[in-house]
Amino acid sequence: MFKRIAGALSASFLLCSASAQQVGLNDFNLKLYGFVRTDYYVDTYKGNDVAHENFYLVPWYTGQDANGEDLNEQTSANLTALASRLGAKIQGPELLGAQTAAVLEFDFGGITKTEPTLFRIRHAYVAFSWDQSKLTVGQTWHPFFGGGVFPAVGAFNTGAPFQAFNRSPLVRYDYKLGKLTVGAAAIYENQYASKSLDSGSYSTANQAKRNGVLPELTLTAEYKANGLTLGAGAEWKRIKPRMLTEGSLGTYKADAYLNSHAVMGYVKYQHEKLSVTAKTFYGQNMTHLCILGGYAVATKNESTGAETYTNFNTSSSLLNVVYGKKWQVGMFAAYLKNLGTSDAVYDNNGAAITAGLLPAIQEAARASVHVALNVDKLRFVAECEITTADYGVDGLDFADGTYSDTHRATNQRVSLSMVYAF
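Reading the sequence shown from the start, the letters are residues -20 to -1, 1 to 402 in mature numbering (1 follows the signal peptide of the UniProt record, and there is no 0).
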């Protein structure tokens, strides 16, 4: 097994070797694919503005006006085609006993807030396949996305923030044992990143993970038989929240790291026109997976500014049922709970110092129904979606970072989509 891994890694650099010069263009087969997707949607509550709200996560509560009305409870509408994408599948020659293939896929997700229509890489990887194993090197779906087990909904968000959503650079090895496939991966971060507490000019989106040095590690297992798929996974991650700290005695180089872990499990049943998917996640600081949560400062030295950190623990579960082929109907239901921090939170003049994806949300839920019409390569979808989020507003408990008083924000969305695939 280890010889195969080493051999495949060497093969990825064959373009710089003499053996690579023996491979001609006739040994490669290129196939383009993709789709043009247009979405129209109406929202009743502003979200956190990812891709002009096309990738809607949760309603974003920012306070109330003088009349006691939510500032962000305002109706908006948009028409966009930024979810369109283009990809290329390259089937290559046999190298070192492995069938080789590569994928390059792009969309217009760009910088999700400021420039969401910029061309960007979604997938860019090379796969080496043997009879019982496969090595993937490059950027593709995070193992917690679940391979082929993810919610089938009308929305572009694919169930996030209740479902893991992340594409990252990785090295992944999968081995088949009959109907069971086990895998391991070492992962770094790109666009979907853990949050840093630094705000200097040197700060970049994935800085916390890069400064953590070690890759995120995952282990997965998946069993398939007779229309039934069972899967499970575990994850470990280390980040460095700050590069420097500031205290009463001056500025110092930071040396504190934060470790976190997560687990997930799923089941999918597929029979003729019926598909049922259930999935659950439990973990810490899963911001890079687009799951709500993060971490907080646990202790702070006032003289040097040196800090230690504690993770927020989050659980999320979902159920997705879809029936039909040409005409499809589907439902999605999900619930997420902020279970608080592992250790006590530092009292910063009555407030907590946090980083992550809306860690003040105590719980969130979503329910949606959709109807779809599939005509060959053309798909039409109409969907109604309700998403709620309970924000902590008062009564912060520094023992675990949770709030006793919350305010509920609710968004109602109606969307229409058309997808032309090729």
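Just so you know, even glycine gets a beta-carbon here, dropped at the ideal spot from N, CA and C.
Range of the contiguous alpha helix (DSSP H) that encloses residue i
{"i": "Gln44", "result": "Segment: none, Gln44 is in no alpha helix (DSSP H) and carries neither H nor E."}
Proximity winner among the options, relative to residue i (alpha-carbon distances)
{"i": "Thr321", "options": "Met311, Leu238 and Val351", "result": "Leu238"}
{"i": "Phe130", "options": "Met266, Arg222, Lys248 and Gln187", "result": "Lys248"}
{"i": "Ala242", "options": "Gln308, Ala81, Trp216 and Asn58", "result": "Trp216"}
{"i": "Asn191", "options": "His251, Asp23 and Ala236", "result": "Ala236"}
{"i": "Gly375", "options": "Glu365, Lys280, His387 and Ala212", "result": "His387"}
{"i": "Leu37", "options": "Leu319, Gln143 and Phe360", "result": "Gln143"}
{"i": "Gln112", "options": "Gly163, Phe125 and Arg102", "result": "Gly163"}
{"i": "Asn281", "options": "Leu51, Gly72 and Leu229", "result": "Leu229"}
{"i": "Trp110", "options": "Tyr153, Thr288 and Gly48", "result": "Tyr153"}
{"i": "Ser296", "options": "His122, Asn318 and Val256", "result": "Asn318"}
{"i": "Ala61", "options": "Ala82, Ala107, Gly89 and Leu75", "result": "Gly89"}
{"i": "Gln342", "options": "Asn6, Lys11, Val30 and Tyr41", "result": "Tyr41"}
{"i": "Pro149", "options": "Tyr168, Tyr262 and Leu157", "result": "Tyr168"}
{"i": "Val349", "options": "Val193, Ile366, Asp178 and Ala340", "result": "Ile366"}
{"i": "Ile101", "options": "Leu76, Thr94, Ala78 and Ala63", "result": "Ala63"}
{"i": "Thr260", "options": "Ser283, Ala313 and Tyr289", "result": "Ala313"}
{"i": "residue 422", "options": "Phe125, Gly27, Lys69 and Val106", "result": "Look at the range of the chain in this structure, -20 to 402, and you will see that residue 422 is not part of it."}
{"i": "Asn6", "options": "Gln54, Tyr262 and Ile70", "result": "Ile70"}
{"i": "Gly158", "options": "Ala173, Asn170 and Ala205", "result": "Ala205"}
{"i": "Thr24", "options": "Leu115, Pro39 and Leu10", "result": "Pro39"}
{"i": "Glu196", "options": "Gly180, Lys220 and Leu177", "result": "Lys220"}
{"i": "Asp385", "options": "Leu194, Val373, Asn391 and Asn47", "result": "Val373"}
{"i": "Lys114", "options": "Phe125, Ala81, Pro96 and Phe145", "result": "Ala81"}
{"i": "Leu75", "options": "Ala107, Asn52 and Glu49", "result": "Ala107"}
{"i": "Arg218", "options": "His268, Glu95, Val355 and Asn391", "result": "His268"}
{"i": "Gly285", "options": "Asp178, Gly139 and Lys189", "result": "Asp178"}
{"i": "Ala173", "options": "Leu160, Lys189 and Thr161", "result": "Lys189"}
{"i": "Arg222", "options": "Gly72, Ala214, Trp307 and Gly180", "result": "Gly180"}
{"i": "Asn9", "options": "Gly245, Thr225 and Gln79", "result": "Gln79"}
{"i": "Pro123", "options": "Thr200, Leu51 and Pro96", "result": "Thr200"}
{"i": "Val355", "options": "Trp307, His32 and Asp50", "result": "Trp307"}
{"i": "Leu224", "options": "Ala335, Lys11, Pro96 and Ser176", "result": "Ser176"}
Whole-Å CB distance - residue i paired with residue j, under 8 Å assumed
{"i": "Val16", "j": "Tyr400", "result": "5 Å"}
{"i": "Ala141", "j": "Leu337", "result": "Per the sequence shown, the amino acid found at residue 141 is Pro instead of Ala. Confirmed, Cβ separation roughly 7 Å."}
{"i": "Arg65", "j": "Phe86", "result": "6 Å"}
{"i": "Ala165", "j": "Thr198", "result": "5 Å"}
{"i": "Thr368", "j": "Ala345", "result": "5 Å"}
{"i": "Ala324", "j": "Tyr371", "result": "In fact, because the Cβ distance is near 21 Å, the residues do not count as touching under 8 Å."}
Residue i - containing beta strand (DSSP E), residue span
{"i": "Met398", "result": "Thr382 to Ala401"}
{"i": "Leu98", "result": "Segment: none, Leu98 is in no beta strand (DSSP E) and carries neither H nor E."}
{"i": "Tyr13", "result": "Asn9 to Asp23"}
{"i": "Tyr237", "result": "Tyr237 -> no beta strand (DSSP E), and no H or E assigned at all."}
{"i": "Asp356", "result": "Careful: Asp356 lies outside any beta strand (DSSP E) and carries neither H nor E."}
{"i": "Glu226", "result": "Leu224 to Gly227"}
{"i": "Thr120", "result": "Ser113 to Trp121"}
{"i": "Gln143", "result": "Here Gln143 belongs to no beta strand (DSSP E), and DSSP marks it neither H nor E."}
{"i": "Val256", "result": "Leu254 to Gln264"}
Distance cut-off 7 Å: residue i Cβ against heavy atoms of the ligand PLP
{"i": "Ser255", "result": "The ligand PLP is not among the ligands present in this structure, which contains no ligands whatsoever."}
Cutoff 6 Å; reference residue i; Cβ partners in own chain excluding five residues on either side
{"i": "Lys305", "result": "Lys253"}
{"i": "Ala104", "result": "Leu84, Gly118 and Gln119"}
{"i": "Phe35", "result": "Phe136 and Asn137"}
{"i": "Val394", "result": "Val22 and Cys364"}
{"i": "Met398", "result": "Thr18 and Phe360"}
{"i": "Val351", "result": "Val309 and Ala362"}
{"i": "Thr55", "result": "Thr24"}
{"i": "Ala347", "result": "Ala313 and Ile366"}
{"i": "Ala214", "result": "Leu199 and Val243"}
{"i": "Thr161", "result": "Asp154 and Glu202"}
{"i": "Tyr232", "result": "Thr225 and Thr284"}
{"i": "Thr116", "result": "Tyr105, Ala107 and Arg152"}
{"i": "Leu194", "result": "Arg218"}
Chain-order list of residues whose beta-carbon lies under 7 Å from that of residue i (same chain, five-residue window excluded)
{"i": "Ile333", "result": "Ala276, Val277 and Tyr326"}
{"i": "Phe402", "result": "Tyr13, Gly14, Phe15 and Lys357"}
{"i": "Met266", "result": "Ala242, Gly273 and Thr294"}
{"i": "Gln250", "result": "Gly207"}
{"i": "Asn170", "result": "Gln119, Ser148, Pro149 and Asn186"}
Contact set for residue i: own chain, Cβ-Cβ below 8 Å, skip 5 residues either direction
{"i": "Gln264", "result": "Ser240, His241, Ala242, Gly273, Tyr275, Asn291, Phe292, Asn293, Thr294 and Ser322"}
{"i": "Gln1", "result": "Confidence at Gln1 is low in this model, with a pLDDT of 47, below 50, so the placement of that residue should be treated as unreliable; the coordinate-derived value is given next. Excluding sequence neighbours, Gln1 sits near nothing in its chain."}
{"i": "Gly127", "result": "Trp121, Glu202 and Gly211"}
{"i": "Ala132", "result": "Ser255, Thr257, Asn300, Val302 and Gly310"}
{"i": "Thr279", "result": "Glu287, Thr288 and Tyr326"}
Below-8 Å beta-carbon distance, residue i vs any chain D residue
{"i": "Tyr155", "result": "Going by chain labels, chain D is absent from the structure shown, which holds only one protein chain."}
What are the uninterrupted segments assigned as beta strand (DSSP E) that are 3 or more residues long and contained completely in the stretch 161 to 216, given in chain order? 196 to 205
3-residue-minimum beta strand (DSSP E) runs that sit fully inside the stretch 30 to 81, ordered along the chain: 56 to 60 and 65 to 75
Length at least 3, wholly inside the stretch 268 to 344: the beta strand (DSSP E) runs in chain order: 273 to 280, 287 to 304, 307 to 321 and 334 to 337
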